[in-house]
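So the sequence shown is numbered by numbering that gives the first Met the number 0: it starts at 0 and just counts up by one. A quick write-up on the structure given underneath.
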Amino acid sequence: MSKADQKEPSYIKNKDSTCENYDMIIIGSGPAGIHAAVQASKLKKRVCVIEKMPDHVGGCWIHTGTLPSKTLRESLATIHSIRSHVGETWVSRVVNDLHTGKLFGRAHKVSMQEENLVRTHMSNNSIHLLEGYGSLENRFSVRVVPPDSEPYTINGDYILISTGSRPRRPANIPFDGWRVVDSDEVLALENVPKSMVIYGAGVVGCEYACIFSALGVEVTVVDSRSRILQYLDREIGNELQNSMESLGVTFVLGKTLDHIQIIGPRVVTVAGDKTLDSEVLFYAAGRISCTERIGLERLGIKKNDRGAIIVNENFQTCISNIYAAGDAIGPPALAATSSQQGRHVACHAFGVNIGSFPKDFPVGVYTIPELSMVGKTEEELTKSGLKEGADYVVGRSHYYEIARGYIRGDSHGLLKIIVCFHSHRILGIHIVGDDACNLIHIGLAIMTQGGRVQDILRLVFNYPTLAEGFRIAAFNALNKIFPDGVIKPPPKLTEDESKKPLAG
C-alpha cells in the first residue's frame, strides 16, 4: 500500500513533525478548499487542509453566511407563503408567537449537520486537517502556526489559497457588535430588534432585509446607488424591489452614508437629507478577500485593490504551482462557483482535463421571493448596440398567469427569457419569484448545450407547476419573432455560432 493510500486520522493537532510532504496543501476550509481536497484525494493524492478555526470547518459558508442565513430565510418564507391561504391575521399571529431562540437554533443545527458531513468526507478521504495559521514560505512550503504549540513547516507540490473573505469594516464605522453590526455579527444578536437600518442594497443587505422584515422588524435599506443589486436586469430588479416593499421593507436609495451617532441604545444614521433612528445599524456594504499576512508579498504574488488574488483561467497565480480560488480571488464569490473552482484546481494540478471553467453559471439571491439569473441582461445587450425587436426579443411569464402561481397566491414573480432574433438562441434568463434558484437550472441546461428557445416547447411540463413559466415565456418570445402564429424551426447555426455559449 502506498503512503497516499494509508488511512490516517483526518484531524491532526499539535503535530510533532516539523516537516511533512503532501501532494497538495490547501489553506482554508471553505467550499473551494474542501472540494479541491476531496477531488485531489479521489485522485489518490496526499492532501491537507490548514484551518485557523478547526472547530468551525467551513468558515462563513457554513457558520456565519450562506447556510444559516438561507435556513432563516427558508423558515420565514414558508410562514409567509400561507398568507394567501389563511390570511394576514394568522401569519402575524405565527410571527408574533415565534420563538426566536428556536428559529436561530434551527439555523445552528443545519450548520452543524453540514459541518459534520464535511468532516465525514474529509475522514473518508484521509484528508488531514491541520490547526493553525498558514503562510507561504516559498513556492513549495507552508509555515503552520498552531495556537498552542510551536510552528512547523510542511512541503507540497501544489498549494491552493482558499482563505475566503470577510465583511468590509471601514474605520469610521463604530462597530460594537450589538448596535452597529456586520454580517458576521448580525446573527449573534441576543434579541430581535424592533427597527433596523441596513446600509448596502447588495446581496447580503437585501437578503437580510427580507429576513428581518419577515420577523416583523421595521427595516430601512439605504444605498448610495439608485438601484438595488446593480448587476440585475433592471426589470427584474424593479420586480424584486416592489415585492420587498410589499413585505414591509423601506428603501432610501441614492443617499450616501454621511454620519453615524450612537445615542444610548439607539443609532442615528444620517444619509444625505435623511435622518434615520433605529435600534440596530447593519453595515452590509461589501466584502474583502482575506489575503493579508499569508506570505503573498514574499513570493511576489499579485493582488488587486480589494485584496483579491489575481489568477489566470485555471486559477493559477503568477507562480504556476500556487493556485487561488473562492472568495480569495473576488467575484463571483458564490459557494457554488467556489466549489467548482476548487475541483477545477485539483484536476488541473494533477493533469486531469475537465475542460475550461464554465462561462455560464447561475447567480442566486435568497431574498423573499428569491431571485436567480444566467446570461445577459437587457442593459448589457443595449449597451453593446443591440436593439429589442431587431436583434433580440423578450419573452415574459408572470407568476399570476401561471396556474401554480395563482394557486399559491403569488402576486409578485416574473420569468424573463431574452432570445436572439436571428439565431433564436437564449441569451439570458432572469427569474424573480418562488423557487427561482431551482427553476433557473432548466434554462441553464438548455443554454449550456447551445439550445434554442424552440427546445423549451419540445418539453412537456407537469401541470400545474411554476416550471410552466418557461413554456409561457418561450411562446411569448417566439410570437414576437413569428407574428403570424406559425412557429418555424430554428435556423441552422454556423460552426462558429454553435461554439459560442451566448452567440447572438
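From the three backbone atoms N, C-alpha and C, an ideal C-beta is built for every residue, glycine too. Values in this document were obtained by computation on a predicted structure and should not be read as measured data.
Exposure of I158, with buried meaning 16 or more beta-carbon neighbours within 10 Å: By the neighbour-count rule (16 or more Cβ atoms within 10 Å), I158 is buried.
Contact under 8 angstroms by Cβ, H343 with F360: No.
T493 burial status per 10 Å Cβ neighbour count (16 or more: buried): Burial check for T493: the Cβ neighbour count within 10 Å stays below 16, so the residue is exposed.
Own chain, CB closer than 6 angstroms to E184, minus 5 neighbours either side, in chain order: In the same chain as E184, and ignoring 5 residues on each side of it, the C-beta atoms closer than 6 angstroms to its own belong to G176, in chain order.
Y198 beta carbon near the ligand SAH (any heavy atom closer than 7 angstroms): Ligands in the displayed structure: none, and consequently the ligand SAH is not present.
Contact under 8 angstroms by Cβ, V202 with V364: In contact: V202 and V364 (Cβ atoms closer than 8 angstroms).
Segment contact, 8 angstroms Cβ cut-off, at least three pairs: the region 415 to 434 with the region 366 to 374: Judged by Cβ distances under 8 angstroms, the region 415 to 434 makes contact with the region 366 to 374, as three or more pairs qualify.
Backbone CA spacing between K302 and G163 [nearest angstrom]: One Cα belongs to K302, the other to G163, and the distance between them is close to 14 angstroms.
Cα-Cα separation, S74 to H107: Near 13 angstroms, if we compare the C-alpha coordinates of H107 and S74.
Cβ pair count under 8 angstroms reaching 3, the region 217 to 229 against the region 301 to 320: With fewer than three CB-CB distances shorter than 8 angstroms, the region 217 to 229 does not count as touching the region 301 to 320.
Residues bridged to M23 [DSSP beta-bridge criterion]: BP columns for M23 point to V46 and Y157.
Own chain, CB closer than 7 angstroms to I441, minus 5 neighbours either side, in chain order: The beta carbon of I441 is closer than 7 angstroms to those of A466 and F469 in its chain, skipping five residues each way along the sequence.
Secondary structure of D257, DSSP reduced to three states: Judged by DSSP in its simplified three-state form, D257 adopts strand.
Run of the alpha helix (DSSP H) containing Q40, from where it starts to where it stops: What sits at residue 40 in the sequence shown is Ser, not Gln. Here the alpha helix (DSSP H) through S40 covers P30 to K41.
Nearest to L252 (by Cα), restricted to the options N237, I259 and V266: The shortest C-alpha separation from L252 is found at N237.
P330 versus I471: straight-line alpha-carbon distance, rounded: Computed Cα separation, rounded: 33 angstroms.
Contact under 8 angstroms by Cβ, A213 with L246: Yes, they are a contact pair.
Endpoints, alpha helix (DSSP H) assigned at E296: For E296, the enclosing alpha helix (DSSP H) covers residues L295 to L298.
As assigned by DSSP and simplified to three states, the class of K382: Assignment of K382 by DSSP, reduced to helix, strand and coil, places it in the helix class.
Buried/exposed call for V37, threshold 16 Cβ in 10 Å: That one is buried.
The region 336 to 350 in contact with the region 392 to 403 per 3-pair CB rule at 8 angstroms: Fewer than three pairs of CB atoms, one per stretch, sit closer than 8 angstroms, so the region 336 to 350 makes no contact with the region 392 to 403.
Cβ-Cβ distance between I26 and V141 below 8 angstroms: Less than 8 angstroms separates the beta-carbon of I26 from that of V141.
Cutoff 7 angstroms; reference A334; Cβ partners in own chain excluding five residues on either side: Only P30, W60 and T65 meet the Cβ criterion.
Residue range of the unbroken alpha helix (DSSP H) whose run includes C205: Counting along the chain, the alpha helix (DSSP H) containing C205 begins and ends at V202 to A213.
Close Cβ partners of P490 (< 8 angstroms) along its chain, the five nearest in sequence each way excluded: Within the same chain, P490 has close Cβ partners H421, S422 and H423.
Uninterrupted alpha helix (DSSP H) stretches inside the region 311 to 356 (no shorter than 4 residues): Counting only runs of 4+ residues, the alpha helix (DSSP H) found wholly inside the region 311 to 356 occupies 334 to 348, in chain order.
Under 8 angstroms between C-beta atoms of P463 and I406: Going by C-beta atoms, P463 is nearer than 8 angstroms to I406.
For G236, three-class secondary structure by DSSP: Three-state DSSP puts G236 in a helix.
For P166, the three-state DSSP class (helix, strand or coil): P166 falls in the strand class under three-state DSSP.
6 angstroms Cβ shell around S338 - same chain, five flanking residues per side excluded: Hits under 6 angstroms: P30 and H34.
Under the three-state DSSP convention, the category K302 falls into: Of the three classes helix, strand and coil, the one that applies to K302 here is strand, per DSSP.
Proximity of G374 and I425 at Cβ, strictly below 8 angstroms: Yes, these two residues count as a Cβ contact at 8 angstroms.
In DSSP terms, what S288 is bridged to: Answer is S164.
Helix, strand or coil at G427 [DSSP, three-state]: Secondary structure of G427 (DSSP, three-state): strand.
Under 8 angstroms between C-beta atoms of S277 and S194: Closer than 8 angstroms, so yes.
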